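Colleague:
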Amino acid sequence: MKAVEISVIIPTVDYSGRKARIDAIVATLLSQRVMESPMEVIVVDNNPTSKDYRAGVENFTKIIRESVLGLNHARNTGIKAATGNIIAFLDDDVVPSKTWVASLIRAHKLPGILCVGGPVVIEDWHKVVVPEWFSDYFLRFIVPPKFPRLAGKIEKPYYLIGANMSFKKSVFNDCGFFDINLDRRGDCLLSGGDVEFMMRLKPEHIFYEPLAAVSTKITQQRLTRWYFIRRLFWQAVSDARIIKKHGLERFYDQSELFISAGFINLLFKTLKKKSFFRTFCMIIRIMVFKIALTFNL
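Residue numbers for the sequence shown, in my numbering: 489 to 785.
(1) Determine which residues share a DSSP beta bridge with Ala576 and list them.
(2) Over the uninterrupted alpha helix (DSSP H) stretch that includes Cys676, give me the two end residues.
(3) In angstroms, rounded to a whole number, what distance separates the CA positions of Met770 and Ile730?
(4) Any idea if Asn661 is buried or exposed, counting beta-carbon neighbours within 10 angstroms, 16 or more meaning buried?
(5) Beta-carbon separation of Ile630 and Ala576 under 7 angstroms?
(6) Measure how close the beta-carbons of Phe666 and Leu602 come, nearest whole angstrom, since I'm counting them as under 8 angstroms.
(7) Report yes if the C-beta distance between Phe695 and Lys641 is below 7 angstroms; otherwise report no.
(8) From the DSSP output, read off the bridge partner residues of Phe695.
(9) Whose C-beta lies closer than 7 angstroms to the C-beta of Phe622 among residues of the same chain, with five residues either side of it excluded?
(10) How is Arg553 classed by DSSP in three states: helix, strand or coil?
(11) Please list the terminal residues of the continuous alpha helix (DSSP H) segment that includes Ser591.
(12) Checking 7 angstroms against the spacing of the C-beta atoms, do Gly600 and Met653 come in under that value?
(13) Do three or more CB pairs link the region 556-563 to the region 665-680 at distances below 8 angstroms?
(14) Per DSSP, which one or two residues make a beta bridge with Val522?
(15) Ignore the nearest five residues each way along the sequence and tell me which others in Ser525's own chain have a CB closer than 6 angstroms to its CB.
(16) Buried or exposed: Asp624, going by 16 or more other Cβ atoms within 10 Å of its Cβ?
(17) Out of curiosity, what's the CA-to-CA distance linking Arg766 and Ile610?
(18) Going along the chain, which residues of its own chain have a beta-carbon closer than 8 angstroms to the beta-carbon of Leu689, five neighbours each way excluded?
(19) Lys550: buried (16+ other C-beta within 10 angstroms of its C-beta) or exposed?
(20) Helix, strand or coil: how does DSSP classify Ile772 here?
(21) Check each candidate in Val522, Asp502, Ile510 and name the one with the smallest Cα separation from Lys490.
(22) Anyone know if the C-beta pair for Tyr446 and Val616 falls short of 7 angstroms?
(23) Between which two residues does the beta strand (DSSP E) containing Val582 stretch?
(24) Span of the alpha helix (DSSP H) holding Ser703?
(25) Please state whether DSSP places Ile717 in a helix, a strand or coil.
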């Protein structure tokens, strides 16, 4: 029997509630299996209070439990259970394209490549009722609105997105696991565990593959002012923690974190467009970032 080529890890906080969605993801993955590149799928049930949990194997999928709540806790548990040469990650609300598995495997065969990911495309975005204050500024805190069109190595300061990323298994032996201090759990919207981990690699080891695409949906619940106030608050705390760990020079989004000529100019442009809520969010982010950086939040 051939060794497993790729392990696909799907963390979820609601396996029983999202089983139909996860089954659809698994079905798409299993339809891409080829004899030359054996694959395993691992679902990590990260709901400590669930009574519906059943460990085992179902439809060629390994189901395991991580009782400590947190996305990075779940990712790390999946890594420890994985046997593939490549370890890939999908969120439980995305659907991989028909070329996803093959595209990742092909890109990982390129010399020097340790990390591969692709775009996240919004399903039926034109049907979503968008508030009048909403813009690409807010969209990028859900899904980056723009991805490169061509495949290639990542150019600083661009990083891939955690909903669609993969690594050689050897990377975790060399670099450790995802940082649980950047763990999204419950109402806490800490983030950046994916970006922080990629910052441990040199940019030339990270490869973007547009054919390894996944699609997702954005619900109306995530298009509220209160959601983005919370989202940017926790983004600022996450940014401060990442900068403390890696330094400012490798950070991907410096322009909105410090009161500089560039920030003042951006603020005036925003006010000129009468984007008052965006201005409010920008000020919140920079204030919380400064406090988090000063007081080690």
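Even glycine gets a Cβ: it sits at the ideal position worked out from N, Cα and C. Quantities reported herein were computed from a predicted structural model and do not represent experimental measurements.
Modeller: Quick look at the numbers:
(1) If you number the sequence shown from 1, residue 576 lands on position 88. Partner(s): Val496, Ser654.
(2) Stepping through the sequence shown from its first residue, residue 676 is reached at position 188. Taken as a continuous stretch (DSSP letters only), Cys676 belongs to no alpha helix (DSSP H), as it is neither H nor E.
(3) The residue given as residue 770 occupies position 282 in the sequence shown. The residue given as residue 730 occupies position 242 in the sequence shown. Cα to Cα, the separation comes out at about 19 angstroms.
(4) Numbered from 1 along the sequence shown, position 173 holds the residue referred to as residue 661. Exposed, because fewer than 16 other Cβ atoms sit within 10 Å of the Cβ of Asn661.
(5) As a first step, residue 630 must be located in the sequence shown, where it is residue number 142. As a first step, residue 576 must be located in the sequence shown, where it is residue number 88. Cβ distance not < 7 angstroms, so Ile630 and Ala576 don't count as in contact.
(6) Locating residue 666 in the sequence shown gives position 178, where the first residue counts as 1. Locating residue 602 in the sequence shown gives position 114, where the first residue counts as 1. Rounded, the Cβ-Cβ distance is 15 angstroms, inconsistent with contact.
(7) Stepping through the sequence shown from its first residue, residue 695 is reached at position 207. Stepping through the sequence shown from its first residue, residue 641 is reached at position 153. A contact, by the Cβ cut-off of 7 angstroms.
(8) For this step, residue 695 is matched to residue 207 along the sequence shown. BP columns for Phe695 point to Val604, Lys641.
(9) Position 134 of the sequence shown, counted from the first residue, corresponds to residue 622. Counting only Cβ-Cβ distances below 7 angstroms, and skipping sequence neighbours, we find Leu711.
(10) As a working mapping, residue 553 is identified with position 65 in the sequence shown. For Arg553, the three-state secondary structure derived from DSSP is strand.
(11) One-based indexing of the sequence shown puts residue 591 at position 103. According to the DSSP assignment, Ser591 belongs to the alpha helix (DSSP H) that extends over 588-596.
(12) Along the sequence shown, one-based indexing puts residue 600 at 112. Along the sequence shown, one-based indexing puts residue 653 at 165. Contact annotation: Gly600 and Met653 have beta-carbon atoms that are not nearer than 7 angstroms.
(13) Yes, they touch.
(14) The sequence position of residue 522 within the sequence shown is 34, counting from 1. DSSP, once it has assigned bridges, lists Ser525 as partnering Val522.
(15) Taking the sequence shown and counting its residues from 1, one reaches residue 525 at position 37. For Ser525, where only same-chain residues beyond five positions count, the Cβ hits under 6 angstroms are Glu493, Ile593.
(16) For the purposes of this step, residue 624 is identified with residue 136 of the sequence shown, where counting begins at 1. Per the 10 Å Cβ criterion, exposed.
(17) Start at 1 with the first residue of the sequence shown, and residue 766 comes out as number 278. Start at 1 with the first residue of the sequence shown, and residue 610 comes out as number 122. So the two alpha carbons sit approximately 22 angstroms from each other.
(18) Position 201 of the sequence shown, counting from 1, holds the residue named residue 689. Here the set comprises Leu602, Cys603, Val659, Cys663.
(19) Position 62 of the sequence shown, counted from the start, is the residue given in the question as residue 550. Lys550 is buried by the Cβ-count criterion.
(20) To locate residue 772, count along the sequence shown from 1; it is residue 284. Here Ile772 sits in helix by DSSP.
(21) On the sequence shown, position 2 is the one that residue 490 refers to. It is Val522.
(22) Residue 446 lies beyond the range of the chain shown here (489 to 785); nothing can be said about it.
(23) Within the sequence shown, numbered from 1, the residue matching residue 582 stands at position 94. Per DSSP, Val582 belongs to the beta strand (DSSP E) from 582-584.
(24) The residue you call residue 703 lines up with position 215 of the sequence shown. Unbroken run through Ser703 is the beta strand (DSSP E), 702-704; no alpha helix (DSSP H).
(25) Locating residue 717 in the sequence shown gives position 229, where the first residue counts as 1. Reduced to three states, the DSSP call for Ile717 is helix.
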